[in-house]
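There are 2 protein chains.
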Amino acid sequence: MRVTAEGGDASARRERRRPRDGTQGGGARHTDYRQLRNPFPAATVFSEDQVEAIHETALKVLEELGIKVLLPEARAIYRAAGAIVEDDSQMVWIGRDIIADALAAAPRAFVLRGAVPGRDIEMKLGTLAFQSGAGAPNITDRIRGRRPGTLAAAEQTAKLIQHFDALHLMCPGVEAQDIDTALRHYAVMRLQLTVSDKVPCVASRGAAQIRDSFEMVRIMRGLTEDEFTAAPRCYTIINTNSPRQIDMPMARGLIDFARAGQPSVVTPFCLMGAMAPVTVAGALTLSHAEALAAIALTQLSRPGAPVLYGAFSSNVDMKSGAPAFGTPEEVKASLGSGQLARHLGLPWRNAAGSSANINDAQAAHETEMSAWGAVLAGATLILHAAGWIEGGLSISLEKFVTDMEMVQSFAELCMPTAADEAAIAFDAIREVQPGGHFFGCAHTMERYASAFYEPLVADWSNFGTWTERGGKDASERATALWQRIVAEHHRPASVTDDRVEALAAFIARRTAEGGAPLES
Amino acid sequence: MRVTAEGGDASARRERRRPRDGTQGGGARHTDYRQLRNPFPAATVFSEDQVEAIHETALKVLEELGIKVLLPEARAIYRAAGAIVEDDSQMVWIGRDIIADALAAAPRAFVLRGAVPGRDIEMKLGTLAFQSGAGAPNITDRIRGRRPGTLAAAEQTAKLIQHFDALHLMCPGVEAQDIDTALRHYAVMRLQLTVSDKVPCVASRGAAQIRDSFEMVRIMRGLTEDEFTAAPRCYTIINTNSPRQIDMPMARGLIDFARAGQPSVVTPFCLMGAMAPVTVAGALTLSHAEALAAIALTQLSRPGAPVLYGAFSSNVDMKSGAPAFGTPEEVKASLGSGQLARHLGLPWRNAAGSSANINDAQAAHETEMSAWGAVLAGATLILHAAGWIEGGLSISLEKFVTDMEMVQSFAELCMPTAADEAAIAFDAIREVQPGGHFFGCAHTMERYASAFYEPLVADWSNFGTWTERGGKDASERATALWQRIVAEHHRPASVTDDRVEALAAFIARRTAEGGAPLES
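Quick mapping for you: the protein sequence lines, in order, are chains F and R.
Here the first sequence is numbered in my numbering, starting from 1226 and rising by one per residue.
Here the second sequence is numbered in my numbering, starting from 1226 and rising by one per residue.
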């Protein structure tokens, strides 16, 4: 019986021919996810006139309304450039000429340098890099449940990040809350620098911690201070305190990173209806103004310092005030942010993530929606693309794995699609008779082992087989995978004993000196 | 403690101000998802030269290799147009002139007419319509588990389809396997025509069943035969039997629908490595050839008959032969198919779906990936966008609901994004002081009730609240939602008692005559 041509054609599907001796046809699949170029045309939500109107209004916000800057040194830098500063109120009014000069000075492209050239990542409009969920206070997995982040948990996420080439930068996935804040940066930087050869993330928590962190990067990379400042070797995430405020550690980070030639990823976190206007255009106007002010501070601190424009705007649930991610409004905000970034010509970051509390269909839906929004917006760097759950309050190790299926799929979509004579395969079509199948034909046998992306966690078996195997959902299957990846972690070749020892010596000395207290 | 600027800013998120009297600011949100235009620039995987090469090779396949056509009447039609036909082998070799004439005759746009003008759906390049999962042999839900499709189950899916404006066409979600095949089309057509005012789907299972189905549409729409054939009022899905074969009922459907002025949705189902070459370009070459042959048959049967080009190409798991959906290869095939459809200038269908066996992160990931592929490919009609699981062998009622979050999000993305002076909100930005919030400002109060898409099933509460409420995942929450939608179904106003009675009388007469046996 022909139940349904599409759904019920199961017998044809089951029909197959393949070598039973375990050999693979054609040779194994080779993938290179390390430096991606975004293959999609940028999508837009605004006209060019509207983009210009948002940019002009943001300039007017900075000129007429001003921005509160808590760090006196930062206000002094703005003042020296000609901005109007009122120290009592900590307000700074920034003229459009200052912004224009800063935008002229900011580099359109730069390369973040890893421990080895294979981990270098170019940042410019058109490149595409992913980063895992970062900085969550909690971690959760199916074995141990939800709990506060620890250094051990951060080590697990670091090993997962290192494992996947499609995650381009290192970061602490969760906050090591079991380490004293005056010493935490030593542990977290050591972790990033010894588990991975990718570019590490430095938390901007005061001048002393930043100085220590830079020193650790220099030690592990074997660089003089001049060599270090000559090229980006690490990065920091700078969130303004929307609306219209830059706090002490954020301003400190912008200044110190710029002076050291290291990039800040400037990211106002403007939730529509909460810290920003309820409209997409209004939230982006505020976000853009704050980003311009922060970018200006980097360029006033050191003209030409690498910097990423950033935007992370979503909406809140107006019934509860809860932040929402993966919403249509977030996608629209991402697309608009991409237009503003291209208006400036700067590389920029966006984000993907979910507000779900468990790794379910909502979690996947929200993460995929926001990730597609970021990709179609032409984001250079997409943060939080794996594991980010509860709106960033937890990293889920199972979601990390299931999200990587998405991230790797994006990486696959960056690969070219062959359409030469061999790929068009007229001869194979001739070889297979009407109603036959291609499982055994030469064209298939030569290619089948490398033809398709091999999934991480997807189970494509039929319902009967899947049920016999225990009926496990994707999260249940993901547990074994993250456990195996963590267990099989190998120290990268670039992490040598002498440097690890030098790092340990530095940390021992600084710890004996009392570490570096958190500044806020 | 500043745990993390992005993830840990929970206190700011919880801060909010809203009216406590239940009134809504600004007025309720108005949405119109009924006739969508695709807002995204079409993404591509091939150069124009490569598209031309695939098209040329497909023409060569039809000219030199031919296609097997099982229905003698169809072969006669091809022969009369000048094709070379060999009745012994049932092979037809179709010259490129025949294809060119057919493509010249096929309309670039047409309107599928529902029971009321509000259900009319325009089909052309640039419009965007979604359809639910269709024709699955099984149904599954959390209450009753997985079981064979029945008429009662089809009624549930029909009520869900009718409920959501973002599902633009009616179809039987599951196969009513409890109804004798000679009578099933009466029950299924009656179901579609009485539960819904949307355009119904007719299964092409032989001339008599098609004739009966057309008559039922005429009765319910109050149309003469001439009025019926003057405009599309229903549609059928035609799957070729890849590779290179069109079976009896499919050829019958192509002919009879064209003669009645009703559209066929021509869809080769070309799984790479199984029924088609293992390469994307090869699978699309075969798919394109088969689609051209089928489109030609419609235009030879009645020049100018409405028809949709179609493509549904994904890959199989080469280890097991199992079909896979939502893979990078499927997305690439969709993008390439869109290029081929635009090469022809015809409206076209694509699909979204998943091979997962449960409504988990895999199911959502695969569905979102394939849906985004179809949207970015510029598909006019996206089938299987809600509920389709197990590669089409089941409809999951919970997945139906969670998928609708995605479909409605796409519909929201089709809506314009305001960026006038009021939306840019300079005055609101001025009103809110640095470090303050926008919850209570006038700009927010005027808009908050209608500013954002309101989710169907997403739960944005924090982990504590979510846990207190029972810690339900999206699928568990979806159960109550589909149950409510089904329970609250109301018969559309266009479904009047006199027409329902006329339909019942027709069905009674035809049933007494023995119905219409399935032809295959």
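Ideal Cβ placement from N, Cα and C applies to all residues, glycine included.
The C-alpha of F/L1394 is placed about 17 Å away from the C-alpha of F/M1441. Residues are counted here when their Cβ sits less than 7 Å from a Cβ of chain F; for the segment 1717-1741 of chain R the count is zero.
For F/Y1303, the uninterrupted alpha helix (DSSP H) segment begins and ends at 1297-1305. At a cut-off of 8 Å between beta carbons, R/P1266 contacts chain F. Within the same chain, and ignoring the five residues on either side of F/T1365 in sequence, the residues whose Cβ sits closer than 6 Å to its Cβ are R1371, S1619, S1621. For R/Y1534, there is no enclosing alpha helix (DSSP H); the residue is part of the beta strand (DSSP E) that begins and ends at 1532-1535.
Shown in chain order are the members of the segment 1484-1511 of chain F whose Cβ falls below 8 Å from a Cβ of chain R: T1492, F1494, L1496, M1497, G1498, A1499, M1500, A1501, P1502, V1503, T1504, V1505, A1506, G1507, T1510, L1511. By the neighbour-count criterion, in which 16 or more other beta carbons inside 10 Å mark a residue as buried, F/D1628 falls on the buried side. Annotation: the continuous beta strand (DSSP E) that includes F/T1352 extends over 1352-1355.
Counting along the chain, the unbroken beta strand (DSSP E) around R/V1490 starts and ends at 1489-1491. For F/V1317, the enclosing beta strand (DSSP E) starts and ends at 1316-1318.
DSSP links F/A1648 through a beta bridge to no other residue. Of all residues in the segment 1637-1670 of chain R, those with a C-beta nearer than 7 Å to a C-beta of chain F are E1637, L1638, T1642, A1643, A1644, A1648, I1649, A1650, F1651, A1653, I1654, R1655, V1657, P1659, G1660, G1661, H1662, F1663, F1664, H1668, T1669, reading in chain order. Put simply, the backbone Cα of F/A1643 is about 26 Å away from that of F/A1604. The Cβ of F/N1540 sits closer than 8 Å to at least one Cβ of chain R. Under the Cβ criterion of 8 Å, F/A1589 is counted among the residues facing chain R. Distance from the Cα of R/T1669 is smallest, within the candidate group R/E1679, R/Y1678, R/V1657, R/P1680, for R/V1657.
Restricting attention to F/E1637, F/Q1381, F/G1320, the CA atom closest to the CA of F/E1288 is found in F/G1320. DSSP, reduced to helix, strand and coil, places R/R1262 within a strand of the structure shown.
Checking the DSSP bridge columns, you'll see F/D1366 partnered with F/G1370. For R/R1477, no CB of chain F lies under 8 Å from its own CB, so it is not counted at the interface with that chain. Measuring C-alpha to C-alpha distances from F/L1295 to each of F/S1467, F/I1471, F/A1703, F/L1448 identifies F/I1471 as the nearest. For R/A1334, there is no enclosing alpha helix (DSSP H); the enclosing beta strand (DSSP E) covers residues 1334-1337.
Secondary structure within the segment 1664-1723 of chain R: not one fully enclosed beta strand (DSSP E) run of 3 or more consecutive residues is present. R/D1481 is outside the set of residues whose beta carbon lies under 8 Å from a beta carbon in chain F.
Here the segment 1395-1410 of chain R lies against the segment 1424-1432 of chain R, with 3 or more beta-carbon pairs under 8 Å apart. Pairing R/M1594 with F/S1634 gives a Cβ-Cβ distance under 8 Å. Close to R/M1631, with beta-carbon spacing below 9 Å, are these residues of chain F in chain order: H1590, E1593, M1594.
Look at F/R1369: its C-beta is not under 8 Å from any C-beta on chain R. Against chain F, the CB of R/L1290 has a partner CB under 8 Å away; the residue lies at that interface. Listed along the chain, the chain R residues whose CB falls inside 9 Å of the CB of F/P1468 are I1654, V1657, Q1658, P1659, G1660, G1661, H1662, F1663.
Of all C-beta pairs linking the segment 1273-1284 of chain F to the segment 1504-1515 of chain F, three or more are shorter than 8 Å, placing the two stretches in contact. Closer than 9 Å at the C-beta level to chain F, one finds these residues of the segment 1522-1553 of chain R: F1537, N1540, V1541, D1542, M1543, K1544, S1545, G1546, A1547, P1548, A1549, F1550, G1551, T1552, P1553. Look at F/L1622: its C-beta is not under 8 Å from any C-beta on chain R. Between F/C1495 and the set F/H1388, F/P1468, F/Y1258, the nearest pair of CA atoms involves F/P1468. Within 10 angstroms of the beta-carbon of F/S1579 lie 16 or more other beta-carbons, which makes it buried.
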